[in-house]
Structure formats: structure tokens, C-alpha cells
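Engineer:
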Amino acid sequence: MKQQQKAVMCPVEVTLSIVGGKWKLQIVYCLLNGTKRFGQLRRLIPGATQQMLTLQLRELEQAGIIHRQVYAQVPPKVEYSLTEWGRSLEPIIHQVHAWGEWYCNQNDIEYWQLSDNREGHVPA
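Oh and the sequence shown: position 36 is 36 in UniProt numbering, straight run, nothing missing.
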């Protein structure tokens with residue numbers, strides 16, 4: 001009987017497999033300031049389609065980064081919040097945000113700031 005070998009992975013590869021998606025870091029960034037409903041996330045991340053946002057939220061939930069709370073009521077109410085693992089991404093998210101601002105400024109790239117929206121503002 002053959003023994004299965006344990007896969008050896010690069011930590012960067014593991015991290016990117018969890019948060020590497022066009023909207024995942026923005027979702028986590030929005031949730032740093034507290035629990036949000038789906039509609040709030042849609043407004044905070046207007047570039048994401050409903051289908052893509054749903055997919056990215058499911059993937060983050062499966063990875064243990066966010067918690068999805070469903071309330072048994074009509075109409076249905078669903079809230080998203082960060083788990084402890086999700087909260088551990090906070091310093092990384094702030095670093096990525098700061099680097100992105102720096103890069104845009106260095107290259108004269110116009111950018112929108114999520115923190116301009118009070119609902120999504122994350123204190124530094």
C-alpha cells in the first residue's frame with residue numbers, strides 16, 4: 001500500500017488561493033468596519049456584479065474568512081462579518097491599500113477611494 005505524500009505549497013500560493021480574486025480583498029476591506037448585508041456590499045463595490053459578488057462571498061466563507069448569518073424571516077436577511085481568520089488579514093489589507101495609493105500617485109493614476117464612503121470607511 002502506497003503512502004500519500006503531503007502536498008508542499010508556497011505560503012504565497014496558499015494566501016493567493018484564498019484571497020486572490022478581483023473582489024475578495026475589497027470585500028474583506030469593507031467588512032473590517034463591521035457586519036454588512038449583501039445590498040450594502042453591492043453599493044460599496046459597484047464594479048462587482050451580483051453573481052460575482054455572491055461567488056466571491058461563498059469562496060471566502062468556505063475558506064473560513066467570513067461568516068454568513070442567515071435570519072429566518074420574510075424577506076430573508078443575510079449578514080456577512082469577518083471571522084478571526086478574516087480579522088487577521090487587517091494589517092495586510094492596510095498595506096495593500098497604502099501601496100496601491102502610493103503606486104497610483106507615482107504613476108499619475110486616478111483612483112477612487114473606498115474610504116470616501118462613510119459606510120465602508122476603515123480607520124487606519
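Note that CB positions come from ideal geometry on N, CA and C, so glycine has one too.
From Ile18 to Thr83, what distance separates their C-alpha atoms?
Structural biologist: The residue you call residue 18 lines up with position 18 of the sequence shown. The residue you call residue 83 lines up with position 83 of the sequence shown. Going by the C-alpha atoms only, they are around 14 Å apart.
Engineer: From Ala98 to Tyr29, what distance separates their C-alpha atoms?
Structural biologist: Your numbering for residue 98 matches position 98 in the sequence shown. Your numbering for residue 29 matches position 29 in the sequence shown. Near 12 Å, if we compare the C-alpha coordinates of Tyr29 and Ala98.
Engineer: Does Gln73 come out as helix, strand or coil in the three-state DSSP assignment?
Structural biologist: As a first step, residue 73 is located in the sequence shown; it is residue number 73 there, counting from the start. Residue state, collapsed to three classes: coil.
Engineer: How do the region 55 to 72 and the region 10 to 25 stand: do at least 3 beta-carbon pairs fall below 8 Å, yes or no?
Structural biologist: Counting Cβ pairs under 8 Å, three or more are found: they touch.
Engineer: With a cut-off of 8 Å, do at least 3 Cβ pairs link the region 66 to 83 to the region 33 to 41?
Structural biologist: In short, these stretches touch, since the Cβ pair count reaches three.
Engineer: Could you pull out every residue in the same chain whose Cβ sits closer than 7 Å to the Cβ of Arg118, ignoring the five residues on either side in sequence?
Structural biologist: Working through the sequence shown from its first residue, we reach residue 118 at position 118. Unreliable placement is indicated for Arg118, whose pLDDT of 40 sits below 50; the coordinate value is still reported in the next sentence. Cβ neighbours of Arg118 beyond the five flanking positions: none.
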